[in-house]
Structures are given as structure tokens and as C-alpha cells.
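Visitor: There's a structure below that I have some questions on.
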Amino acid sequence: MNVATLLQKAAATHPDGPAIVQADVTTTYDDWWCRVQRLAATLVERGVAPGDRVSLALFNSPAFLDTLFATWLAGGVVVPINTRLHPRELAYMVEHSDSRVLVYDHRLADGVAAVDLPDTTATMIVGGPSDEYEAVVASGPVFGVPVARGGDDLAWLFYTSGTTGRPKGAMVTCANLAFMAGRYTAEVTPVEPGDRVLHAGPLTHGSGLWALPLTAAGATHVLPSSPSFDAAELFGLIERHRVSNLVFISPTMLKMLLEAPEATSADCASLRFAAYGGAPIHPDDLRAAMDAWGPILCNLYGQGECPMTISMLTPSDHAEARATASRRLLSAGRPRAGIEVAVMDDAGGPVQTGETGEVCVRGPVVMRGYWSNAQATADAFRDGWYRTGDLGTLDEDGYLYLGDRLKELIISGGSNVYPRELEDVIGRLEGVREVAVVGVADRHWGESVVAVVVPTAPGAVTAEQVVGACRAELASYKKPRHVVFADRLPRSAYGKVLKRELTAELDLPDG
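Using my numbering, the first residue of the sequence shown is number 5, and each one after it goes up by one.
Rendered as C-alpha cells:
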């Protein structure tokens, strides 16, 4: 069960088909497979054996896709590392995973040089004056038969963003990836040979795994050249390459696309599918995107521990909910085929329909556990169910509605306050760009509710307006006792608001 055989078969079926496009360079499937074989041979020369880890700290590029499949071809395990991480965070992941090789972009060279990597980790630099990568993939020995891998063998070791402590490595198996790749075109969206798929999100995150089903289908991977999200560049790529599929955009990216000057002039008629998720989305942004692009949006809910989606709200779900003004428009959809989702109470029993509890998952998408962390693995599972740490509800038709992270629940005066409720209300106020709600210690109430608001401009919204909006729509005990204005919200390398860091930065009186 070597997942690299998906590329091998695609190269045999579509040898001259365009596989990867970036800037003015197009790589065919046959050329891509040859590059992957040469790189796999070099990885083995540098000590990679079956089951060994290879860390990838690369921007969206052909090099990332080359190394992804080369590692799998050689029987290795991919450790994707977000290029926005601090060098110390990168070093921690390389050391903790005991990576045999680190492949990194030359723009990260100063940071890599500034940290101590294990002596057992070889390095390979991509690009720049010291580029050794291109020489490897351009010529040299080729790797032969794909290394045999079992379904329970690891393929992807994904480190969580670490919002509650040190990042944990989610062990994703070959069977996990094979199941989800096999279901993708049947359930999520049909993909045909030559379809152009634009990777708007980082390949080191969800988009990297989407390379599997897209490659198996013979699609063309269109990669931005900018190291960070650039709305103007994306619109240009959509027009130039007649992009059919856009993956994977966060709500923040979606808003940036809608607000870009090109939004009203770019020809996006070729788009027939756009996947978004990863954070709450404002309903106004969702409706604006549907007005602009039509019924092509798909909301995907997943985690690093359950990759390539747990549930989805399909384009037809979006259209129906929009037409009927249903709250279902903001749901995370229904579970994928073969995946079980339950909402459970603190004792591990199912709650009633419509009641809030912890979202739990079981099925062939769930990770094997956390790398070298038996306690975290034990804490994450109960009676065969993976505990996501997300609060949510299921309606009578099986649609999932997500709330807050369990650890972000605020208990004030003995009553539960869900930050998402307040964030939805405050986020609708004119003059609010974004908001995060957290709890801080309070001698009297246990915890006090604090709303941290980023205004569209200084003075665009007042604390009185924020509190008044919450009082008008929510129970009185839920309204924020403090409103703090900020220029920005701290975020992880994956775009998640770091509420623990945000709380630590607050300077408020206790009680």
C-alpha cells in the first residue's frame, strides 16, 4: 500500500499531461515521475530507510510535491513543516520526529543555521546559490520498485499548531490516506484529467494531502509563486489557467479575495468548486462569495488527526440553505461515507439531538495516535472514539454544527459561556474587522468574559456598542465584562487565533 503508486499509475496513463504549473514552467506527469524517482534514490543514499521521517519546510512549489512523493516512494514518512514557524519550532519538530533528512527552502537558510539540529539529520537546500536539489532531480540514479508498506504504517506525521502546549505529531497511516484519496472524487468533487486545481493554501497543511486524489485523477496542480497569500495573484492564475478547482481557502482568505480590487473584474467562470474551512465564517462573507461565484462552495471540517475531512457541507447544501434562509448554511455538513460522528457528554454518552457536547469521530480517517506521546494518545481516545476537543451539536437530519474548542469554554459564575456565540454577534457589528472572546481569572465569577476587538478603523466601534449588541441577543450573563481594542489578533502559523497567548497579553484587574 505505497501511496506513491498513485503518481506512478498517473504517469503511465497521462505521460504527456500537464502535472504541475508554476510561473511559466510546466512539468508533465512523466517528467514529474522521473524527478521523484531520482530524488527517492538520493534520500535513500542519505540514510532514509522504510519508516524513517523526512521533514519538508518548503513553500508551495514543485519541490514540495517532488519530495512528498519521493519520500513515500522510498517508504518514508513525510513531516510537513509550515514555513511561517519560528526556527526553534522547526528544530523541535525535526528533533522530536527524529527526522533523517530536512529538505528546506533557501529563504529559510538563516533560520535553519541559527538552530541546533540533530547530528543524525542530513539537510538538503532548495533554491538559492547553494541549491543542491535541482542537480539531484535533473540527473542521477533512479529509485526502482516502490517500497512495500502496510496499511498501519505511517505516511504523514502532522504536528498540530500547539495552541495548548508543545505541538503533538499526529500519526496518519497509509490506510488513512488511501481511504480518503479513494473517496475524494466520488464524494467531494469529480476531477478529470487536465482539470486545473489551484492550491491557495499551504501544501504543508491540508492541500498537501489533496495532492493524492488529484494526482490519481491526472489533474494539473497550479501553484502560486508568492510565498504568502496574494489575492491578485490568485485571480490572475484563475483567469490564465482556467482553474476549475480552488483548494483550500480559510475564511480569512475568502474575505481577502472578496475585498480585492480584482474581485469585480476577474473572469472566474471556469471555477466549479471551491473548498473552504478551518475557522468560523461570517455569513455575510459566505453569501457574498455565493453571489460572486455561484453554487460552487464546499465547507470541509477536519483536523490534522482526521485529515481530508470528517464532514462536509456540499455545494448543493449551500444552495438549498441559501434559498430557504436556513441556519444550515453555517453548519459543517454531514459526515463523510464510512465515518461515524457522535456528540458526547463528559461521561462519554451521546447527548440528545440539538444538545451541545464534544464531537467524537471513529472510522478509517482517524490517526493511529500521537508520536512518542502515549499520554496524549490515551487522552485523545475513549472507547474507540477520537475526541476532537470541538464542541458541537447534531440536528435531526445529521448536520453538524460546530461550537468552540472544549478548552476555550468559559465558566462564569457557574454558567457556561461559549465564545463562538459572542463572536458571531460582535462580528456582525459595523466597524468590527475581527473579534476573539476569551475568559480571564476573576475572584468573584471564576472567569470573566473579555472581547478583544480589531476595529476597521480607530473609533469605528465602541465598547458600549459591543456590550449592547450582546445584551440584545444573548443572556445577560454572557455579555463581556471587558472590551479591549487591538490592532491584530495573535495567530499560529496555520492562521488559528492563539487564545492562550491573547489571554496572557491582557492586562486587566482581577475581579
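Note that beta-carbon positions come from the ideal geometry of N, C-alpha and C, so glycine has one too.
How many Å lie between Ala23 and Thr17 at the Cα?
Guide: 12 Å
Visitor: Under a three-way DSSP split, which group does Cys272 fall into?
Guide: Residue state, collapsed to three classes: coil.
Visitor: Quick one: what does DSSP say Ser211 is sitting in, helix, strand or coil?
Guide: Collapsing the DSSP output to three states places Ser211 in a helix.
Visitor: If you reduce the DSSP assignment to three classes, tell me which class Asp20 lands in.
Guide: coil
Visitor: Since Leu106 sits in a beta bridge, which residues does DSSP pair it with?
Guide: Beta bridge pairing from DSSP links Leu106 with Ser59, Thr127.
Visitor: For a test of the three-state rule: what should DSSP assign to Gln356, helix, strand or coil?
Guide: It is coil, neither helix nor strand.
Visitor: Give a yes or no on whether the C-beta atoms belonging to Asn180 and Val369 are separated by under 8 Å.
Guide: Between Asn180 and Val369, the gap from beta carbon to beta carbon is short of 8 Å.
Visitor: Do Gly2 and Pro84 have their C-beta atoms within less than 8 Å of each other?
Guide: For residue 2 there is no data in the structure shown, the boundaries of the chain being 5 and 515.
Visitor: Would you list the residues sitting across from Val488 in a DSSP beta bridge?
Guide: Val456
Visitor: At the level of alpha carbons, what is the spacing between Gly186 and Ala455?
Guide: Each residue's alpha carbon lies about 43 Å from the other.
Visitor: Quick one: give me the first and last residue of the alpha helix (DSSP H) that Arg424 is part of.
Guide: 423-431
Visitor: Got a sec, what are the start and stop residues for the alpha helix (DSSP H) Ala278 sits in?
Guide: Ala278 -> not in any alpha helix (DSSP H); beta strand (DSSP E) instead, spanning 277-280.
Visitor: Alpha carbon to alpha carbon, how far is Asp289 from Glu425? Give it in angstroms, no decimals.
Guide: 18 Å
Visitor: Assuming Tyr96 is part of the alpha helix (DSSP H), what are its boundary residues?
Guide: 91-100
Visitor: Output the distance between the C-alpha atoms of Pro122 and Glu99, rounded to the nearest integer angstrom.
Guide: 6 Å
Visitor: Which whole-angstrom value is the C-beta distance of Thr326 and Leu333, which I expect to be below 8 Å?
Guide: Correcting the residue identity first, residue 326 is Arg in this sequence and not Thr. Sure, about 6 Å apart at Cβ, within 8 Å.
Visitor: Classify Glu138 as helix, strand or coil using the three-state DSSP reduction.
Guide: Helix, per DSSP.
Visitor: Any contact between the segment 26-37 and the segment 216-229? By contact I mean 3 or more CB pairs, one from each, below 8 Å.
Guide: The way I'd put it, the segment 26-37 does touch the segment 216-229; three or more beta-carbon pairs between them come closer than 8 Å.
Visitor: Can you say whether Arg39 is buried or exposed, counting buried as having 16 or more other CB atoms within 10 angstroms of its CB?
Guide: Of the other Cβ atoms in all chains shown, 16 or more fall within 10 Å of the Cβ of Arg39; this residue is therefore buried.
Visitor: Would you kindly report the start and end of the unbroken beta strand (DSSP E) that includes Val439?
Guide: 436-446
Visitor: How should Arg170 be labelled, buried or exposed, when 16 other C-beta atoms within 10 angstroms of its C-beta is the threshold for buried?
Guide: exposed
Visitor: Which partner residues of Arg111 appear in the DSSP bridge assignment?
Guide: Paired residue(s): none; Arg111 is not in a bridge.
Visitor: DSSP on Ala264, reduced to helix/strand/coil?
Guide: coil
Visitor: Is Leu406 buried or exposed, if buried means 16 or more other CB atoms sit within 10 Å of its CB?
Guide: buried
Visitor: Does Asn64 come out as helix, strand or coil in the three-state DSSP assignment?
Guide: coil
Visitor: Considering only C-alpha positions, which residue in the set Glu434, Val48, Ser480, Ile300 is nearest to Ser416?
Guide: Among Glu434, Val48, Ser480, Ile300, the Cα nearest to that of Ser416 is on Ser480.
Visitor: Check each candidate in Gly373, Leu413, Ala204 and name the one with the smallest Cα separation from Cys310.
Guide: Gly373
Visitor: Quick check on the DSSP output: the alpha helix (DSSP H) that includes Pro1 runs from which residue to which?
Guide: Here the chain covers residues 5 to 515 and nothing more, so residue 1 does not appear.
Visitor: Can the beta-carbon of Gln12 be found less than 8 Å from the beta-carbon of Pro150?
Guide: yes
Visitor: DSSP three-state call for Phe147: helix, strand or coil?
Guide: coil
Visitor: May I ask you to verify whether the segment 393-412 touches the segment 345-352, counting CB pairs closer than 8 Å and requiring at least 3?
Guide: With a cut-off of 8 Å, the segment 345-352 and the segment 393-412 count as touching, because enough Cβ pairs lie within range.
Visitor: What do you get for Ser248, buried or exposed, if any count of 16 or more other CB atoms within 10 angstroms of its CB means buried?
Guide: buried
Visitor: Whole angstroms is fine: what's the gap from Thr507's alpha carbon to Val442's?
Guide: Between the alpha carbons of Thr507 and Val442 lies a gap of roughly 7 Å.
Visitor: Looking only at its own chain, which residues have a Cβ that is under 8 Å from the Cβ of Leu262, when we skip the five neighbours before and after it?
Guide: Asp289, Ala292, Ala293, Ala296
Visitor: What span of residues does the alpha helix (DSSP H) with Glu509 cover, start to end?
Guide: 503-509
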